[in-house]
Ligand code: PHE
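In our numbering, the protein residues as written are 34 to 488.
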């Protein structure tokens, strides 16, 4: 992949191969959403009912929306705002569609800010793993590490700052071969470590109860808010609805088949989420912990598993290192659209644009860090501040963005342009996708978002 690089201004180049694109997009998709957020969301929303609703939304709404966003990016070949504007003009539609790009930018800024704080927690945990904190600790001591980290905003803010610098530095210099090549070994390694963890969890934990919890559908657990969570999670995990996939699509070769590629990326993404659930819940049930432990679930539960395994230190270091890499490749995909937007619109260098974006997301991240720690008891209309800072961009803004991408690709763009981008060998796939983005996705997203209001 030596010739593989991204444009750093000037001529826009393309990913060198389909594999390169799959790797970076899987990098964007697979991240904290799969390993940290998916299990705790499932735990808070009754398990199976959430998992199955999420899988259903992922397949029937998430994937078609991701395809829509990707094709817009590839055809537009610009930052999300200008890509939307150009495609709108091409199909004689209002330039106001560029607003979808701006909405996405706002969403990504909000997502990046809390994401960086949680990634910072992962770095703090890597530090504990390096010191061997999990090998000597009993369950109670491990649980209290989480409370220590959450009780001290300076730890959160310190590591959040480190992670933000790591992210913006790479984005500033262009997503270079370093990240692309590291994704090549990192994703498979993460997979292997997760499988090892699942096997261990099965040995030392209560695997049967975990499987039952994760996959049995109990209708009485279904709530309108749970459905909103499942929908938001489907988009979040696919990195869809805000322009991250759009920007990666803007560097994609015309030759790549979008439908197959998206299918591969989503399967990988779903597998990592399910493996994480199967690594975490057996331990939860074997240790009488509560599945609805909230954002701390993974950080409390996996170290318990590590502490009971041979090679605690090595496996815990490896896991947190890979988690940080996974989070890093995702955060790049949030930073890239914002930086290219500023760089292309304001004609400032990428480095400068990265500094501005980094500062903005860092500042907002301070609020998140405080919301997780000192301000964790603040509520607004019954909602905790941290739930709002995570929930609003993921559960509301991402679905709205995805809805607009679907409507744009399904109703606004001239069909000949869309068909040209998707030229599938199987007409039936194209027809199914078109039906999904024109009818199924918009209607389903509206119903899910509006349903809680009518309860
Ligand atoms: N998909 C990433 C994850 O699961 C998060 C993400 C959201 C990335 C939105 C880009 C855009 O962790």
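We treat Cβ as the ideally placed atom computed from N, Cα and C, and that holds for glycine.
All figures in this text were calculated on a predicted structure; none of them were measured in a lab.
- Message: Is residue 201 close to ligand 1? I mean its beta-carbon at under 7 Å from any heavy atom of the ligand.
- Response: no
- Taking just the CA atoms, how far does residue 443 sit from residue 467? 6 Å
- Item | Residue range of the alpha helix (DSSP H) that includes residue 475 | 474-483
- residue 213: buried (16+ other C-beta within 10 angstroms of its C-beta) or exposed? buried
- the stretch 94-114 touching the stretch 330-338, judged by at least three CB pairs closer than 8 Å: no
- Report, in whole angstroms, the separation of the C-beta atoms of residue 152 and residue 364, which I expect to be a contact under 8 Å. 7 Å
- Run through the stretch 349-403 for me and flag every whole alpha helix (DSSP H) of 4 or more residues, listed as ranges in chain order. none
- Distance, Cα to Cα, residue 491 vs residue 106? Shown here, the chain extends from 34 to 488; a query on residue 491 therefore has no answer.
- Among 61, 166, 204, 228, which one has its Cα closest to the Cα of residue 382? 204
- Query: Between the Cα of residue 225 and the Cα atoms of 197, 454, 355, 341, which residue gives the shortest distance?
  - Reply: 355
- Task: Select from 291, 460, 76 the residue whose C-alpha is nearest the C-alpha of residue 249.
- Result: 76
- Message: For ligand 1, is there any heavy atom lying closer than 7 Å to the beta carbon of residue 57?
- Response: no
- Item | First through last residue of the alpha helix (DSSP H) which encompasses residue 261 | 257-271
- Task: Evaluate the contact criterion for the stretch 230-240 versus the stretch 57-70: three or more CB pairs, one atom per stretch, below 8 Å.
- Result: no
- Message: Run the Cβ filter for me: residues under 6 Å from any heavy atom of ligand 1, listed in the order they occur in the chain.
- Response: 61, 62, 64, 65, 66, 67, 144, 269, 270, 272, 275, 277, 363, 366, 367
- Item | Residue burial classification, residue 66 (beta-carbon count within 10 angstroms, cutoff 16) | buried
- Query: How would you label residue 460, buried or exposed, when you count the other beta carbons within 10 angstroms and need 16 or more for buried?
  - Reply: exposed
- Roughly how many whole angstroms lie between the Cα atoms of residue 348 and residue 157? 16 Å
- Query: Among 243, 256, 474, which has the Cα closest to the Cα of residue 27?
  - Reply: With the chain represented from 34 up to 488, any question about residue 27 goes unanswered, as that position is not in the structure.
- Task: State the DSSP-derived secondary structure class of residue 48, mapped to helix, strand or coil.
- Result: coil
- Query: Quick one: what's got a C-beta closer than 6 Å to residue 435's C-beta in the same chain, skipping five residues either side?
  - Reply: 98, 268, 273, 274
- Which one or two residues does DSSP pair with residue 417 in a beta bridge? 412
- From 78, 50, 87, 130, residue whose alpha carbon lies closest to that of residue 441: 130
- Query: Relative to the C-alpha of residue 101, which residue among 394, 271, 45, 139 is closest?
  - Reply: 271
- Query: Is the stretch 132-141 touching the stretch 368-379 in the sense that three or more CB pairs, one from each, lie closer than 8 Å?
  - Reply: yes
- For residue 123 and residue 104, the rounded distance between their alpha carbons: 14 Å
- Rounded straight-line distance, which links the Cα of residue 458 to that of residue 394: 42 Å
- Option nearest residue 70 by Cα separation, candidates 167, 229, 303: 303
- Task: Would you decide whether residue 239 is buried or exposed? Buried here means 16 or more other CB atoms lie within 10 Å of its CB.
- Result: buried
- Query: Just to confirm, does residue 312 get its C-beta within under 7 Å of one of the non-hydrogen atoms of ligand 2?
  - Reply: With respect to small molecules bound, the structure shown includes ligand 1 and not ligand 2.
- Item | Local conformation of residue 343 per DSSP, three classes | coil
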